[in-house]
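Engineer: Chains A, B and C are the protein sequences, given in the same order.
Position in the first sequence (from 1) plus 1447 gives the number in the working numbering.
Position in the second sequence (from 1) plus 12 gives the number in the working numbering.
Mapping to the working numbering: the third sequence position 102 is 91, numbers consecutive.
For glycine and all other residues, C-beta sits at the position ideal for the given N, C-alpha and C.
These numbers were taken from a predicted model, which means no experiment stands behind them.
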Amino acid sequence: MIPELGHFSLILAAGLSVLLAVLPALGAGRRNPMLMASGAPLAAGVLVFILLSFACLLYAFAQDDFSVRYVAEHSNTALPLYYKIAAAWSAHEGSFLLWTLIMAVWTFAVACFSRSLTLDMQARVLSVLGLLTAGFTFFLLFTSNPFARNLPIFPLDGADLNPLLQDFGLIVHPPLLYMGYVGFAVPFAFAIATLTTGHLDAAWVRWSRPWTTVAWAFLSIGITLGSWWAYYELGWGGWWFWDAVENASFMPWLAGTALIHSLAVSDKRGLFKSWTVLLAIVTFSLSLLGAFLVRSGVLISVHAFAVDPARGIFILIFLGLVVGGSLVLYAFKATATKRASSYSWSSRETLLLVNNLLLSVAVAAILLGTLYPLLYEVVTSGGKISVGPPYFNTVFLPILVLLFLAMVFAPQSRWRETGVKQVLGKLMPVLAVAIFIVAGLTWMLELPLDPVGFVFQSIAVWLLFTLAGDWWLSSSTKKPLSASRLGMLLAHSGIGVAILGVAVTVCFSEGQDLRMLPGDVTSIQGYDFRFDEMTRVAGPNYMADRAQFSVSKNGQLVTHLYPEKRVYHVSRNVMTEADMDPSPLRDLYVALGEPLGGSAWAVRLHVKPFVRWIWFGGLMIAVGGFITVCDRRYRNFAARQPVFYDEETNKQMNTR
Amino acid sequence: MKFGRMKAQRRNRVMLVCLILLSTGAAVAFALLALNQNINLFYTPTQIVAGKAPENKLIRAGGMVVAGSLVRSGTGLDLRFIISDLRAAEVEVRYAGILPDLFREGQGVIAHGKLQDDGVFYAEEILAKHDENYMPPELLQEESQPE
Amino acid sequence: MNVVTPNKAGVRLTKRLLIPLVVFVLLVIFLALGFRLKDAHLLPSALINKPFPEFALADLLRADLTRSRQAFIGRVSLVNVWATWCPNCLIEHPELLRISREEQVPLYGINYNDDADKAVAWLQRHQDPYVFSIVDDAGSLAIDLGVYGAPETFVVDAAGVIRFRHVGPVTPLVWRQQIRPVIELLRRRAESDASNKKNDA
């Protein structure tokens, strides 16, 4: 009965979301306050029923109800409870229900925290969100019902969760990632609602900013966790593969980053408004495109879900309607207002424009690389190619250098006009110091010189120093740093930290794949890895061959590492469980390959300096985003009527 | 005053357009160049045996690992195995390194590497998908086309 | 007075603003093309490639005979899991009868979790498409096969290896689009193997 209840509440939620899509919009069109006010309660209703539906699915998993096909295919009685629960979103149907749930959460959040909006605006925004929720619930009901039964005969035990997914990463990564993906629906809805009113005024920009930043911060954590998970679970020590699915999450992140900055310019200076609207549409479209790529089987990827043509067609049509409709609306309604104010080429506006341009180019290049195999196949009717990481690295790294330059200068620059000499005079000595330090360290530690790595290390250090200096100067004055400034500094530092981690890891990691017998010792960067012994251990649902390695430096024991080779009972899958000794300055990494006969094993050993910095930087970025949202500006705003321009800009306008 | 602002604005706009054009042009040229150098074509064993695959160029070869064909050298991590498609064309693959967990005889793999003039495929990377029903889709497509 | 002037004409088209739409339409067209291309090749991904499990079970109509997996070896064959309690089995029945009449492929039945007397009566009433059916009343073979529920149909190659599995009734569409291509593929392969051997000799 419980699965039927879940199914039924999903149907109810679909009905309510159709009402949510229609009624408030109708009210806004007819200026009927009753209908307009129906948005918030309807949003609450949708949330309640999707939540109930999701709870039913979790219950089916917790109770091992294998009469539900989705449960039978992805769970097993031997699985620990927390993996049973997480198995609910380990495959297409359940993960999409989670996606829809998160959509409902965002919609409800908008309904709760939009008291400062005019009723008309609130109604339009909620209707757009309701339309999206309706699309998602219909997609679930028609193509991917997680509650479908296997009656009358059902298996006694489930087929088990893929061992790769039996990990902490599965529990936290998808929910956070979806919070980001789906969160971009909010600025999208604000943009569409504004377009339908026909006034592209500045108010929507102010409203969108905190929402965009929160969604973006969630996406940052999601991507960071994904990379960390890949590193210790799937990656054989790699942390980013330019895989189609990774790109599908990275593109909305880049577009979202551009959106945050262009929103800032639109908010503060009233510029680029039409462009900002377009970016809001594009960012969410890239989220939907990602869903299509992952769930349709169009692209082959390690992460892709099982293939079903009906799903692909549905998402493609949905994508076409939503994005196509938005862009038609944009083409007709976004007629750019006259530029309200001017700025010099040496202003913060210019730098943020450069930022947007570079990020857009990066998105386009990644999109091209991701879709190129498909394009090639279409053009040559069936030719097969793959585009590897070298392509992405070649196009992305130069863009990244330029972005870095903009990132160093922008926080030091002023709106409208900046004294170039003054800023250069402040920043160039810092660059000299950064280069001196990086070069000095490279020389002192006798590290190999890698020109590209050297450039990135120097720029990252330069960026970090300028940001630290900025922070130090601001905190030494009486006036406290505003939350938005602090968040910005932290997020930018996060990027510096992450890129420094990447640049150091890529240049100075050392590793070896080799054959080892118990008792063998191999030395990498001064660490002696000794293969002590092999033992057999039993886990809750697997058997494992576990090796013991002692790692020592200069005869001093550093740590023991226990990599495993597991065989899972139910699926008979073999899994490599690497072991590592993390520390801020270096990771020691050992993974077992396959047994080579006798007592010999294939072994992978790595010393990876600074690899943790990548994810620490990612977390700093996300925390920075969350801090920004706490800024007083957004809270004061709630109490105040929308103001279109600040005093400064007003003067600008009056002089015209 | 007014005139000055107009002029400044126009100058800004021209600069902006130039900047956009320049950077887009550079980006497109760059991306195409990079794509050209970094795409890997896919070949089936049949195509390789028929001499359709280029030698000494990074390509991908996909097929089923012939059961019983995996041979390891006694000392290092060197190994060789034979991949075949369902039409009995066979190609020897040599590799030095760790095989993926899902590498199994009788199942599909994709080898990334170079074909040498001795007809042997020297792989730099071996990929196996995380799905036990997996067969390289490229191979299936090849198969399902009428002869 | 400090409000930005909204554009006076409610709807006015600026050509420049159409660019994103055009780009997007192109993108969707090409995604759809790529998707269609992929779609045509989805079917064989259900290849399973595992030997049909060992069994020793009684023949439904001739209870003195014990059948084993040897029976499936030598030719490409179809194995269908059915039961009298299964409404979908009745739905697929006409198509199974047609296959057994018109197609050159032996069809075997596994009578699953059923009452043997009822099963015999059912076959008499609806006609028997199977070369033979085996009695799996305990469901042991079905568990080895990982059967979700009846009906299910397996394609087994000449070496006794499961090559394809279809869950649900075999409709004419399923036969045409999924099962027949797999059988033809397996036969082509067997032929090319045979001719290669001849050449070798």
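Between glutamate 43(C) and arginine 64(C), which are expected to be in contact by the criterion C-beta below 8 angstroms, what is the C-beta distance as a whole number of angstroms?
Structural biologist: Reading the third sequence from its first residue, position 54 is the one you call residue 43(C). Reading the third sequence from its first residue, position 75 is the one you call residue 64(C). A Cβ-Cβ separation of about 19 angstroms leaves glutamate 43(C) out of contact with arginine 64(C) under the 8 angstroms criterion.
Engineer: Please list, in chain order, the chain A residues whose beta carbon lies closer than 8 angstroms to that of threonine 160(B).
Structural biologist: No information on residue 160(B) is available, as it lies outside the stretch 13 to 159 that chain B covers here.
Engineer: Quick check for students: name the residue ranges of the alpha helix (DSSP H) that lie wholly in the stretch 1832 to 1898 of chain A, counting only runs of 4 or more.
Structural biologist: 1836 to 1856 and 1867 to 1891
Engineer: Suppose only complete runs of 3+ residues qualify. What are the beta strand (DSSP E) ranges in the stretch 2015 to 2058 of chain A, listed by chain order?
Structural biologist: 2021 to 2024, 2026 to 2028, 2033 to 2042 and 2048 to 2056
Engineer: Residues of chain C with CB closer than 9 angstroms to the CB of tyrosine 1628(A), please, in chain order.
Structural biologist: Here residue 1628(A) refers to the residue found at position 181 of the first sequence. Per Cβ cutoff of 9 angstroms: no residues; tyrosine 1628(A) is ~18 angstroms from chain C at best.
Engineer: Any Cβ of chain C within less than 9 angstroms of the Cβ of tyrosine 1678(A)?
Structural biologist: In the first sequence, the residue the question calls residue 1678(A) occupies position 231. Not closer than 9 angstroms to any Cβ of chain C, the Cβ of tyrosine 1678(A) fails to qualify, so no.
Engineer: Which same chain residues end up closer than 6 angstroms to valine 1749(A) when comparing Cβ atoms and leaving out the 5 residues on each side of it in sequence?
Structural biologist: Counted from its first residue, the first sequence places residue 1749(A) at position 302. At valine 1749(A) the pLDDT is 44, less than 50, meaning the model places this residue with poor confidence; the figure from the coordinates comes in the next sentence. Nothing listed; no residue qualifies.
Engineer: Assign histidine 2007(A) to buried or exposed, taking buried as 16 or more other Cβ atoms, counted over all protein chains shown, within 10 Å of its Cβ.
Structural biologist: Here the question's residue 2007(A) lines up with position 560 in the first sequence. Burial check for histidine 2007(A): the Cβ neighbour count within 10 Å stays below 16, so the residue is exposed.
Engineer: Would you kindly check if the distance between the Cβ of valine 1808(A) and the Cβ of isoleucine 1846(A) is under 9 angstroms?
Structural biologist: Residue 1846(A) sits at position 399 when you count from the first residue of the first sequence. Residue 1808(A) sits at position 361 when you count from the first residue of the first sequence. In this structure, valine 1808(A) lies closer than 9 angstroms to isoleucine 1846(A) by Cβ.
Engineer: For isoleucine 1832(A), which of Leu1818(A), Asn1840(A), Leu2039(A) and Gly1966(A) has the nearest alpha-carbon?
Structural biologist: Here residue 1832(A) is taken as the residue at index 385 of the first sequence, counted from 1. Ranking the options by Cα distance to isoleucine 1832(A), first place goes to Leu1818(A).
Engineer: When the cut-off is 9 angstroms and only beta carbons count, does methionine 76(B) lie next to chain A?
Structural biologist: To locate residue 76(B), count along the second sequence from 1; it is residue 64. No, because no Cβ of chain A sits closer than 9 angstroms to the Cβ of methionine 76(B).
Engineer: I believe threonine 1590(A) touches alanine 1695(A) by the beta-carbon criterion, under 8 angstroms. Please report the beta-carbon distance rounded to the nearest angstrom.
Structural biologist: Looking up residue 1590(A) in the first sequence gives position 143. Looking up residue 1695(A) in the first sequence gives position 248. Contact between threonine 1590(A) and alanine 1695(A) is ruled out by a C-beta separation of about 19 angstroms, above the 8 angstroms threshold.
Engineer: In three-state terms, what does DSSP make of alanine 29(C)?
Structural biologist: As a working note, residue 29(C) is residue 40 in the third sequence. Here alanine 29(C) scores only 38 on pLDDT, less than 50, and its place in the model is too uncertain to base an answer on.
Engineer: Starting from the C-beta of alanine 1460(A), find all residues in its chain whose C-beta is less than 7 angstroms away, skip the five residues before and the five after it, and write them out in chain order.
Structural biologist: The sequence position of residue 1460(A) within the first sequence is 13, counting from 1. Closer than 7 angstroms at the Cβ level, and outside the excluded window around alanine 1460(A), lie Val1493, Phe1496, Ile1497, Ser1500 and Thr1584.
Engineer: Anyone know if the C-beta pair for aspartate 1742(A) and alanine 1640(A) falls short of 9 angstroms?
Structural biologist: By 1-based counting over the first sequence, the position of residue 1742(A) is 295. By 1-based counting over the first sequence, the position of residue 1640(A) is 193. For the record, residue 1742(A) in the displayed sequence is arginine; it is not aspartate. Against a cut-off of 9 angstroms, the Cβ pair of alanine 1640(A) and arginine 1742(A) comes out as no contact.
Engineer: What is the C-beta distance between leucine 1566(A) and proline 1480(A), in whole angstroms, given that I count them as a contact (C-beta under 8 angstroms)?
Structural biologist: To locate residue 1566(A), count along the first sequence from 1; it is residue 119. To locate residue 1480(A), count along the first sequence from 1; it is residue 33. Going by Cβ atoms, the distance from leucine 1566(A) to proline 1480(A) rounds to 6 angstroms, so yes, they are a contact pair.
Engineer: Say yes only if the C-beta of alanine 73(B) is nearer than 8 angstroms to one or more non-hydrogen atoms of the ligand MG, and no if none qualify.
Structural biologist: The ligand content of the structure shown is nil, which means the ligand MG is not present either.
Engineer: Cβ closer than 7 angstroms: which chain A residues qualify as neighbours of aspartate 13(C)?
Structural biologist: Here the question's residue 13(C) lines up with position 24 in the third sequence. Going by the sequence as given, residue 13(C) is phenylalanine instead of aspartate. Chain A residues near phenylalanine 13(C): Val1770, Gly1771 and Leu1774.
Engineer: Should the stretch 2036 to 2047 of chain A be regarded as contacting the stretch 1956 to 1963 of chain A, the criterion being three or more beta carbon pairs within less than 8 angstroms?
Structural biologist: A contact exists between the stretch 2036 to 2047 of chain A and the stretch 1956 to 1963 of chain A.
Engineer: Let me check understanding here. Comparing Cα to Cα, which of His2053(A), Arg2019(A), Gly2044(A) and Val2021(A) lies closest to aspartate 2034(A)?
Structural biologist: In the first sequence, residue 2034(A) corresponds to position 587, counting from 1. Minimum Cα distance to aspartate 2034(A) is reached at His2053(A).
Engineer: For aspartate 90(B), which residues of its own chain have a beta-carbon under 8 angstroms away from its beta-carbon, when the five flanking residues on both sides are left out?
Structural biologist: Within the second sequence, numbered from 1, the residue matching residue 90(B) stands at position 78. Here the set comprises Arg84, Arg106, Tyr107 and Ala108.
Engineer: Specify the secondary structure class of aspartate 106(C) as computed by DSSP and reduced to three states.
Structural biologist: Counting from one through the third sequence, the residue named residue 106(C) turns up at place 117. If DSSP states are grouped into helix, strand and coil, aspartate 106(C) belongs with the helices.
Engineer: So for threonine 1644(A), helix, strand or coil by DSSP?
Structural biologist: Taking the first residue of the first sequence as 1, we reach residue 1644(A) at position 197. Looking at threonine 1644(A) - three-state DSSP - the assignment turns out to be helix.
Engineer: Thinking C-alpha only, which one of Glu1540(A), Gly1577(A), Ala1475(A) and Arg1477(A) is nearest proline 1488(A)?
Structural biologist: The residue labelled residue 1488(A) in the question sits at position 41 within the first sequence. Closest by alpha carbon: Gly1577(A).
Engineer: What residues in its chain sit with their C-beta under 6 angstroms from that of valine 1810(A), if we drop five residues either side in the sequence?
Structural biologist: For this step, residue 1810(A) is matched to residue 363 along the first sequence. Closer than 6 angstroms at Cβ, skipping near neighbours: Met1698, Leu1701 and Ala1702.
Engineer: Note down, in chain order, each residue of its chain lying with its Cβ closer than 6 angstroms to the Cβ of glutamine 1859(A), except the 5 sequence neighbours on either side.
Structural biologist: Translated into the one-based positions of the first sequence, residue 1859(A) becomes position 412. Correct list, in chain order: Val1870.
Engineer: Per DSSP, glycine 1717(A) is paired with what?
Structural biologist: Indexing the first sequence from 1 puts residue 1717(A) at position 270. According to DSSP, which records beta bridges pairwise, glycine 1717(A) is partnered with nothing at all.
Engineer: When you compare each of Ile122(B), Lys64(B) and Gly37(B) to glycine 131(B) by their alpha carbons, which one comes out closest?
Structural biologist: The residue you call residue 131(B) lines up with position 119 of the second sequence. Answer by Cα proximity: Lys64(B).
Engineer: To the nearest angstrom, how far is the alpha carbon of alanine 179(C) from that of valine 1518(A)?
Structural biologist: Here residue 179(C) is taken as the residue at index 190 of the third sequence, counted from 1. Here residue 1518(A) is taken as the residue at index 71 of the first sequence, counted from 1. Alanine 179(C) and valine 1518(A) have their alpha carbons spaced roughly 38 angstroms apart.
Engineer: Going by beta carbon distance, what residues of the same chain come within less than 8 angstroms of phenylalanine 1885(A), once the five residues before and after it are set aside?
Structural biologist: Walking along the first sequence from the start, residue 1885(A) turns up at place 438. In the sequence as displayed, the identity of residue 1885(A) is valine instead of phenylalanine. The residues are Phe1901, Gln1904, Ser1905 and Val1908.
Engineer: Are the Cβ atoms of leucine 127(B) and isoleucine 71(B) separated by less than 9 angstroms?
Structural biologist: For the purposes of this step, residue 127(B) is taken as residue 115 along the second sequence, with counting starting at 1. For the purposes of this step, residue 71(B) is taken as residue 59 along the second sequence, with counting starting at 1. The criterion of a C-beta distance shorter than 9 angstroms is satisfied by leucine 127(B) and isoleucine 71(B).
Engineer: Going along the chain, which residues of the stretch 1813 to 1824 of chain A sit with their C-beta nearer than 9 angstroms to a C-beta in chain B?
Structural biologist: Leu1815, Gly1816, Tyr1819, Pro1820 and Tyr1823
Engineer: With 16 other CB atoms within 10 Å as the buried threshold, where does tyrosine 2036(A) fall?
Structural biologist: As a position in the first sequence, residue 2036(A) is number 589, starting the count at 1. The residue in question, tyrosine 2036(A), is buried, as its Cβ has 16 or more Cβ neighbours within 10 Å.
Engineer: Does the beta carbon of asparagine 50(B) sit closer than 9 angstroms to a beta carbon anywhere in chain A?
Structural biologist: Mapped onto the second sequence, residue 50(B) falls at position 38. Yes, because at least one Cβ of chain A sits closer than 9 angstroms to the Cβ of asparagine 50(B).
Engineer: For aspartate 133(C), does the three-state DSSP call read helix, strand or coil?
Structural biologist: For the purposes of this step, residue 133(C) is taken as the residue at position 144 of the third sequence. Aspartate 133(C): helix per DSSP, three-state reduction.
Engineer: Could you check what DSSP says for alanine 1753(A) in three-state terms: helix, strand or coil?
Structural biologist: In the first sequence, residue 1753(A) corresponds to position 306, counting from 1. Reliability fails at alanine 1753(A), whose pLDDT of 48 lies under 50, so the model's placement of it is uncertain and no value is given.
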